[in-house]
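Visitor:
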Amino acid sequence: MGSLLSKAEFATVLADQKVNFGDEIVLVCEAKTEDLTATWQKNGQKLDCVHDKHIVEKRGNLFSLRIKKADEQDEGMYTITLKDKQKDASCSAQVTVELKEWRKVEWNQDIMIRELRDFNIRREEVEQLNFLLYGPVGAGKSSVINTIKTIFERRLYINCLAAEGSTSQTIYYKKCEVGNSKDGFLPFIFNDIMGVEEGDQSGVHTDDIISALKGHVKEGYPFNPNSPLTELNHYYLKNPSISDRIHCLVCVIQADKISMMDEDTIQKMQRVREEAKKIALPHVILMTRVDTTCEMTKKDLRSVYKSKRINKKMEECRVALGVQKSCIFPVKNYYEEKDIKEDINCLMLDALTKIVHWADDYVAEYSS
Ligand SMILES: Nc1nc2c(ncn2[C@@H]2O[C@H](COP(=O)(O)OP(=O)(O)OP(=O)(O)O)[C@@H](O)[C@H]2O)c(=O)[nH]1
Ligand SMILES: [Mg+2]
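In terms of my numbering, the sequence shown is numbered consecutively and its last residue is 1623.
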């Protein structure tokens, strides 16, 4: 309900409005008497009426403002002030405009799960597609793996890798398979690494990420922030085959912290992106924590591609890392849930289905 500043003159006050993009906004209130004049304000300023867009009317006791073809500019707090000779009375209402859904998601997991379970890599000698997850400390890299394992193994994996903290909890190069020996393994592997941090003395060394992309890093390698892996180290694989290489680079970023990322971390990540570009490696972004970024999405994950806030965060990601928007996927990880939720699964599966195809394209086209 809109807020009522003075009851005296109103029979009914303005009500808050939530409309879809392109719809008409209608704000109506009723006064107790007819002999009144009205002025409208938006966000505390006199409303700038635009011809064919704003229609202000008074019919007897009824006062209305109609705004055609709602868009983001029309959002705000609208106030009507009624005046008679003695005194004024005002009431206000908040108008919210929801964007059109700009990307469609299949909110039914079965088809996507089946398609991924049955996925055949085009190049026969490659048995599994390799994904490298990298990003700032605590971005949700390990949680992404847990979420994917949860989807395919049908039991919650929430706390086995993820942890709270300001320094990276993942300190070894870890390859994670998805599936189990009973139901079979899926044809992809997720490689989990230490988080990227500001400064030269902490977080994964950028050269190590680049070595991992090219397949030079063996499982179990303990990351050393001070010095990168060299050919002399027994964790260094000298002549990696196409099966050892990474087939898609997956950057994981917290949606609610993009604008707070320090310049050093961004530069390190941009350097990794440049290396990926040189070898034409697909590069995508998984934008985590959409639930802590947008209230509407928190209430209903299916609103994620209608949310202006999420759209803005995707735009910030695009600008910070130069990844095109069609390769940026907002996701929510399992972190406190007690049950499996199909909406969480579907959002992740939608992203996974696309990146699996892109990784397969890379493998099919790759020639050493
Ligand atoms: N609300 C919310 N919390 C999340 C989400 N994803 C991860 N988290 C939480 O964020 C914290 C860090 O997640 P991790 O998966 O450990 O992050 P990481 O990138 O692997 O971190 P390091 O390995 O330490 O660099 C954990 O407490 C998670 O539960 C999400 O989508 N929503
Ligand atoms: Mg981790």
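A virtual CB, placed ideally from N, CA and C, is assigned to each residue, including glycine.
(1) Do you know how far the Cα of residue 1363 is from the Cα of residue 1309?
(2) If you scan the segment 1393–1455 from start to end, which runs of the alpha helix (DSSP H) of 4 or more residues do you find wholly inside it?
(3) Do residue 1319 and residue 1330 have their C-beta atoms within less than 8 angstroms of each other?
(4) Would you kindly check if the distance between the Cβ of residue 1472 and the Cβ of residue 1396 is under 8 angstroms?
(5) Closest to residue 1514 by CA distance: which of 1333, 1548, 1337 is it?
(6) Please report how far the alpha carbon of residue 1322 lies from the alpha carbon of residue 1266, in whole angstroms.
(7) How about the segment 1587–1602 and the segment 1543–1563: do they share at least three Cβ pairs that are nearer than 8 angstroms?
(8) Going by the beta-carbon positions, is the gap between residue 1465 and residue 1433 smaller than 8 angstroms?
(9) Compute the beta-carbon to beta-carbon distance between residue 1443 and residue 1384, rounded to the nearest angstrom, for a pair I have assumed lies under 8 angstroms.
(10) Can you tell me which of 1439, 1315, 1571 puts its alpha carbon nearest to the alpha carbon of residue 1516?
(11) Three Cβ pairs or more, each shorter than 8 angstroms: is that satisfied between the segment 1593–1611 and the segment 1349–1367?
(12) Residue 1339: which of 1294, 1409, 1377, 1619 sits nearest, CA to CA?
(13) Measure the C-alpha to C-alpha separation of residue 1262 and residue 1344 and round it to an integer number of angstroms.
(14) Is residue 1449 a contact residue of ligand 1, with contact defined as CB to any heavy atom under 7 angstroms?
(15) With a threshold of 7 angstroms, establish whether the CB of residue 1397 neighbours any heavy atom of ligand 3.
(16) Quick one: Cα of residue 1448 to Cα of residue 1460, how far?
(17) At 3 residues or longer, what runs of the beta strand (DSSP E) sit wholly inside the segment 1540–1591?
Guide: Once the coordinates are examined:
(1) Start at 1 with the first residue of the sequence shown, and residue 1309 comes out as number 54. Start at 1 with the first residue of the sequence shown, and residue 1363 comes out as number 108. Those two C-alpha atoms are separated by around 41 angstroms.
(2) 1396–1408
(3) As a working note, residue 1319 is residue 64 in the sequence shown. As a working note, residue 1330 is residue 75 in the sequence shown. Going by C-beta atoms, residue 1319 is not nearer than 8 angstroms to residue 1330.
(4) To locate residue 1396, count along the sequence shown from 1; it is residue 141. To locate residue 1472, count along the sequence shown from 1; it is residue 217. No, Cβ-Cβ distance for residue 1396 and residue 1472 is not below 8 angstroms.
(5) Along the sequence shown, read from residue 1 onward, the residue named residue 1514 stands at position 259. Nearest C-alpha to residue 1514: 1548.
(6) Position 67 of the sequence shown, counted from the first residue, corresponds to residue 1322. Position 11 of the sequence shown, counted from the first residue, corresponds to residue 1266. Taking the straight line joining both Cα atoms gives about 23 angstroms.
(7) Yes: the two stretches touch, three or more of their Cβ pairs being nearer than 8 angstroms.
(8) Against the sequence shown, residue 1465 aligns to sequence position 210. Against the sequence shown, residue 1433 aligns to sequence position 178. Result no, Cβ atoms of residue 1465 and residue 1433 do not sit closer than 8 angstroms.
(9) In the sequence shown, residue 1443 corresponds to position 188, counting from 1. In the sequence shown, residue 1384 corresponds to position 129, counting from 1. Rounded, the Cβ-Cβ distance is 4 angstroms, consistent with contact.
(10) Counted from its first residue, the sequence shown places residue 1516 at position 261. The candidate whose alpha carbon is nearest that of residue 1516 is 1571.
(11) Output reads yes: the segment 1349–1367 touches the segment 1593–1611.
(12) Here residue 1339 is taken as the residue at index 84 of the sequence shown, counted from 1. Nearest of 1294, 1409, 1377, 1619 to residue 1339, Cα basis: 1294.
(13) In the sequence shown, counting from the first residue as 1, residue 1262 sits at position 7. In the sequence shown, counting from the first residue as 1, residue 1344 sits at position 89. Because residue 1262 carries a pLDDT of 44, less than 50, the predicted location of this residue cannot be relied on, and no value is offered for it.
(14) Here residue 1449 refers to the residue found at position 194 of the sequence shown. Under cutoff, so the answer is yes.
(15) As presented, the structure is devoid of ligand 3, carrying ligand 1 and ligand 2 as its sole ligands.
(16) One-based indexing of the sequence shown puts residue 1448 at position 193. One-based indexing of the sequence shown puts residue 1460 at position 205. When only Cα atoms are considered, residue 1448 and residue 1460 end up about 10 angstroms apart.
(17) 1583–1585
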